[in-house]
């Protein structure tokens with residue numbers, strides 16, 4: 001789907017299906033100039049149901065073409081989440097002539113009173129850049145006799161260890177497996193006991209290596225999505241761990257909880273495989289929704305969208321190595337208008353207002369001389385509908401409030417505030433506004449908030465305010481799609 005303006009809160013910049021239901025991004029892979037986005041798809045309804053793999057491609061990560069369904073259910077079950085890789089060296093034997101894509105996914109057979117839920121890992125491969133698929137005749141390639149939560153394989157080739165590695169969600173742990181050929185798998189280790197959040201089932205892992213910016217170090221990052229249960233105020237979300245990986249065991253350098261995003265609508269995110277070395281980015285996409293209300297969000301004939309693709313990086317501050325994230329640079333080319341904001345000295349009781357009636361906006365602000373108790377940004381949608389971002393100098397946290405952002409009545413949890421952990425002095429903030437979402441990146445991407453909204457109109461104007469003192473703004477800008 002390209003840059004398309006439609007009604008019913010359909011996003012302009014974010015991928016959404018032409019019709020029906022989507023959830024987790026799957027099989028993110030790059031080959032021959034195309035980014036492939038597969039995803040959990042129910043082709044017969046706009047609520048969750050029997051899972052297939054939908055498929056879209058893009059040459060720039062922002063304009064997507066939706067293709068035919070890639071994978072359909074079979075005798076092994078419906079098609080749950082997984083990953084895709086390019087088999088450059090024909091380790092599978094599927095590609096005697098030229099490299100192709102292999103999808104590694106969970107086959108899910110639903111349980112009943114007489115038969116338990118069975119989840120196993122299966123393969124499919126494509127000789128034509130993902131347009132058609134052949135399922136491996138020996139499926140499934142990895143089974144478990146007793147664990148009903150045995151899913152979401154994320155696979156990568158480890159050059160230093162000359163083998164494929166699979167990270168697999170197994171209850172409230174992540175199990176690591178290895179293989180020479182994607183077919184024969186050996187258990188290596190298990191991670192999770194005593195580390196991070198165990199509020200709900202673990203899902204959709206991703207394991208990758210990143211350089212630590214400003215150093216000669218490289219460290220490994222493990223992403224883990226934490227599902228929903230009725231006792232959680234916030235619903236489903238994603239945590240991460242930083243550590244080392246020796247080809248068999250992932251060892252974290254911390255056991256505390258580190259959330260990837262502080263909004264309620266960033267889940268099941270994974271990164272692209274086979275990004276060219278000369279590019280070098282680790283690009284991440286997540287499902288922009290929350291299992292607490294995913295089946296109820298307002299839409300017409302379709303339901304679900306993805307986050308803006310983001311570049312992930314590692315930086316060390318005060319002895320902690322933390323993830324930073326930024327929207328991909330390709331996004332800049334989609335905006336049709338750019339306005340430089342004047343340098344502003346904001347004082348209590350004196351709002352600055354900027355009229356910006358648009359379908360999408362990208363706001364960038366740099367803050368100096370912060371002498372206020374609170375600084376805020378109000379996104380005015382239409383009438384009294386608004387979304388409010390506020391930074392508390394006392395707590396050094398950033399909050400997003402959406403209780404007046406439009407339609408909120410479909411979930412008791414939806415209107416609740418979303419607040420970061422302590423992020424230090426607020427120095428800069430970037431806000432992406434689309435028809436049904438706000439994505440916030442603060443302090444050079446150290447903290448992010450991803451939040452759905454459902455106003456009648458995306459944006460009429462922006463205003464900035466302070467409480468209890470002054471804030472100096474310099475070098476701000478707003479990019480627009482009108």
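Residue numbers (full-length UniProt numbering): 1 to 482.
Yeah, the Cβ is synthetic: ideal placement off N, Cα and C, and Gly gets one too.
Which of helix, strand or coil DSSP assigns to residue i
i	result
residue 330	helix
residue 115	coil
residue 9	coil
residue 418	strand
residue 136	coil
residue 51	coil
residue 364	strand
residue 252	strand
residue 482	coil
residue 219	strand
residue 104	strand
residue 164	strand
residue 472	strand
residue 17	coil
residue 404	coil
residue 346	strand
residue 477	strand
residue 231	coil
residue 324	strand
residue 434	strand
residue 423	coil
Separation of residue j from residue i, as counted between CA atoms
i	j	result
residue 71	residue 368	52 Å
residue 50	residue 79	8 Å
residue 349	residue 154	51 Å
residue 169	residue 19	29 Å
residue 374	residue 203	37 Å
residue 474	residue 303	39 Å
residue 312	residue 131	29 Å
residue 295	residue 160	43 Å
residue 125	residue 162	21 Å
residue 290	residue 181	36 Å
residue 135	residue 123	6 Å
residue 476	residue 338	11 Å
residue 322	residue 246	21 Å
residue 6	residue 46	Confidence is the limiting factor: at residue 6 the pLDDT is only 40, short of 50, which leaves the residue's position unreliable, though a coordinate-based value still follows. So the two alpha carbons sit approximately 17 Å from each other.
residue 463	residue 406	18 Å
residue 223	residue 117	25 Å
residue 53	residue 445	31 Å
Cβ neighbour criterion (16 or more within 10 Å) applied to residue i
i	result
residue 14	buried
residue 196	buried
residue 206	buried
residue 17	buried
residue 485	With the chain represented from 1 up to 482, any question about residue 485 goes unanswered, as that position is not in the structure.
residue 141	buried
residue 249	exposed
residue 105	buried
residue 336	exposed
residue 220	buried
residue 410	exposed
residue 68	exposed
residue 266	buried
residue 355	exposed
residue 55	buried
Sub-8 Å separation of residue i and residue j beta-carbons
i	j	result
residue 156	residue 325	no
residue 93	residue 127	no
residue 25	residue 434	no
residue 28	residue 271	yes
residue 277	residue 385	no
residue 371	residue 470	yes
residue 449	residue 420	yes
residue 60	residue 330	yes
residue 332	residue 30	no
residue 398	residue 432	no
Residue interval of the beta strand (DSSP E) (run including residue i)
i	result
residue 83	78 to 86
residue 40	34 to 42
residue 282	282 to 287
residue 466	459 to 467
residue 380	374 to 380
residue 310	310 to 317
residue 202	202 to 211
residue 243	237 to 245
residue 25	20 to 31
residue 483	There is no way to answer for residue 483, as the model of the chain reaches only from 1 to 482.
residue 153	151 to 158
residue 64	64 to 66
residue 354	352 to 358
residue 437	437 to 442
residue 340	337 to 340
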